[in-house]
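Data first, discussion second: the structure below is written as structure tokens.
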Ligand code: NOJ
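Residue numbers (our numbering): 877 to 1494.
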């Protein structure tokens, strides 16, 4: 039961004295009790909200609460103990790619093959990790998310090949530094930089052999660090590395697969590896270490262009199944792939003349083994998409919007993906500012998997381009984090979600995969020309710190008033205009155009004109 002063948009009833429908924003008294029964069959929860609006009492019956409160600022807080953090990844920050015994990773090789070397030194966190912890302190954070580099710990990927003590020492030092400074370590075992040896020897993730090796690696990590690390994530965004790496050649190991088989095999083994590593933690370590093990899943929220068109509605549902559900259903659902995926890929495969489905099959035993293998879910939640039915399956949208869906989800034919031209954009054109996607995806996850366990928002953030002159006045980032952190406050207070942490992507500008240092997602500016990789706070450090140190937006706090004052403006495009020097050139009709002469950056992968030609010609 919630009761307190809240800001709501009030519409007077049409039969009011004024006989008009004024939209007013005012402080109102709100009483809201969680609905006795949630509508688990639909995306939204149904609630009743009664609020007074000036002289009226307005009863809003059976309105989805998430809809009613979608775009408003909601002063409030998350509970004590909530984790406030940034997120990073080994390849993106550590550097020291071949130092002190570290073996070559797939990302080292992939970048070098493409003439890219920024990752060799990256932010030099291998040397300056203490500064990173200090920055986390300057941000007032109580947690720190990072990933382990498999080949820094096991240089050729295997235990038989030897454990690299220097690697163990490095992570011990980092973990100890975090604990001394009161930060909870939140560790991913795999953020895409797997051993190159495995790729060379047996094809990496497409070969089942990797499952045992991953489990051995996980065991080494639990053994070495589990006395102090209590939050383990097996994988970060498996979708991104299997599709990017084994489907569209946008990420390591750079495989282009016109047959649309390899990404499914890679995912199959990643899911098996996840389940194995969870069971190993559960059976061998949990009792002693008392920690938790889960997974970080990336997804984009999808909505129908026309909610009254059943085909559009179906398309946006299938989008969830093929994107998040691919990994979530085996772990949080029935242990298998979503039935829609199984059926659609089987039908496509048959039409193409394959003797069996291109989607591998889990045995009954594996299905049981997969099911329930997570103590929490981390969701990387950045953005939303609009989906509509269409017979046009060409990869490049005639209107210029790069049709991600037909390339990244090649088996989901008959739908197109688009955006609303009014949504603000940062430099990475595929990440639109749509904060409401956070709650909607949470609602969906809870209802789809009947899941009421802990959630973390393990990544979200916005980038600006690399300017000739550093720009510390990142008002867009202050806006972005004001909007997105308020969504987790709403999720906790309004929706009753067991939400336990917010992880900003990212601590400092780092190596954004194929786009190297071009995309700057950092709260701190990193000077990559300086051998010491000086890190300087951008303006948004202060605003994120205010939010993190007060658990959100307590009523009456100065930053709560600031958030209230800038809220509506932050939902417009204006604050984000400074993120991109290209914005003016490539903005047509509100959507930046796919210009054939420039490269485009997807999360984690780089695609450009040559890439599109390849897609078109295949
Ligand atoms: C997803 C990935 O986990 C991270 O490595 C990447 O840098 C960000 N999102 C931004 O693209």
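C-beta atoms are modelled at their ideal positions from N, C-alpha and C, and glycine is treated no differently.
Run through the DSSP bridge pairs and tell me what residue i is partnered with.
i	result
residue 1384	1400
residue 1293	1263
residue 856	Outside the shown range of the chain, which is 877 to 1494, sits residue 856, and nothing can be said about it.
residue 1256	1174, 1335
residue 959	1377
residue 1064	1023, 1109
residue 1341	1395
residue 1390	For residue 1390, which the question treats as bridged, DSSP gives no partner whatsoever.
residue 1429	952
residue 1411	1402
Which residues in the same chain have their Cβ closer than 8 Å to the Cβ of residue i, if we skip the five residues on either side of it in sequence?
i	result
residue 1325	1204, 1205, 1208, 1209
residue 918	Residue placement at residue 918 cannot be trusted, given a pLDDT of 25 that sits under 50; the coordinates are not used to answer.
residue 966	1022, 1023, 1024, 1025, 1028, 1067, 1069
residue 1500	Here the chain covers residues 877 to 1494 and nothing more, so residue 1500 does not appear.
residue 962	1012, 1015, 1017, 1020, 1021, 1379, 1380, 1381, 1382, 1383, 1399
residue 1328	1322, 1374
If you draw a straight line from the alpha carbon of residue i to that of residue j, how long is it in whole angstroms?
i	j	result
residue 1231	residue 1215	20 Å
residue 1165	residue 1456	46 Å
residue 1254	residue 1062	11 Å
residue 1014	residue 969	19 Å
residue 1283	residue 1219	20 Å
residue 1406	residue 1432	42 Å
residue 1316	residue 1051	34 Å
residue 1188	residue 1179	8 Å
residue 1441	residue 1454	20 Å
residue 1345	residue 1409	16 Å
residue 1437	residue 1290	46 Å
residue 1035	residue 1174	30 Å
residue 1176	residue 1160	35 Å
residue 1076	residue 981	11 Å
residue 1353	residue 1265	34 Å
residue 1401	residue 1413	6 Å
residue 1183	residue 978	52 Å
residue 1225	residue 1234	6 Å
residue 1074	residue 1356	39 Å
residue 915	residue 1158	Annotation note: pLDDT 30 at residue 915 (below 50); position unreliable, coordinate value reported separately. Rounded to whole angstroms, residue 915 to residue 1158 spans 33 Å at the Cα level.
residue 1221	residue 1129	24 Å
residue 1004	residue 964	14 Å
residue 1053	residue 1263	46 Å
residue 1304	residue 1348	18 Å
residue 1133	residue 953	47 Å
residue 1041	residue 974	14 Å
residue 1103	residue 1198	37 Å
residue 1200	residue 943	22 Å
residue 1032	residue 1311	41 Å
residue 1293	residue 1185	15 Å
residue 924	residue 1171	With a pLDDT of only 34 at residue 924, under the threshold of 50, the placement of this residue in the model should not be trusted; the figure read from the coordinates follows. Answer to the nearest angstrom: the Cα atoms are 34 Å apart.
residue 1010	residue 1241	47 Å
residue 1475	residue 1167	With a pLDDT of only 45 at residue 1475, under the threshold of 50, the placement of this residue in the model should not be trusted; the figure read from the coordinates follows. Straight-line Cα distance between these residues: approximately 43 Å.
residue 1149	residue 1078	16 Å
residue 1439	residue 1450	16 Å
residue 1202	residue 1217	8 Å
Is residue i near the ligand ATP, with its Cβ less than 7 Å from a heavy atom?
i	result
residue 1153	As for the ligand ATP, it is missing from this structure, which binds only the ligand NOJ.
Within a Cβ cutoff of 6 Å, which residues of the same chain sit near residue i, ignoring the five residues on either side of it in sequence?
i	result
residue 1147	1206
residue 1153	1091, 1094, 1110
residue 1388	1395
residue 1374	1330
residue 1258	1307, 1336
residue 1314	1257, 1363
Going by beta carbon distance, what residues of the same chain come within less than 7 Å of residue i, once the five residues before and after it are set aside?
i	result
residue 1131	1121, 1122, 1125, 1138
residue 1424	960, 1015, 1016, 1017
residue 1119	1139, 1284
Going by beta-carbon coordinates alone, are residue i and residue j separated by less than 8 Å?
i	j	result
residue 1285	residue 1261	no
residue 1194	residue 1288	yes
residue 1155	residue 1239	no
residue 1302	residue 958	no
residue 1256	residue 1335	yes
residue 1415	residue 1350	yes
residue 1196	residue 1098	no
residue 971	residue 1008	no
residue 1245	residue 1151	yes
residue 1065	residue 1108	yes
Next item on the list: Check whether the region 1079-1095 touches the region 1045-1053, taking contact to mean three or more Cβ pairs, one atom from each stretch, closer than 8 Å.
Entry: no
request  = May I ask you to verify whether the region 1357-1365 touches the region 1419-1438, counting CB pairs closer than 8 Å and requiring at least 3?
outcome  = yes
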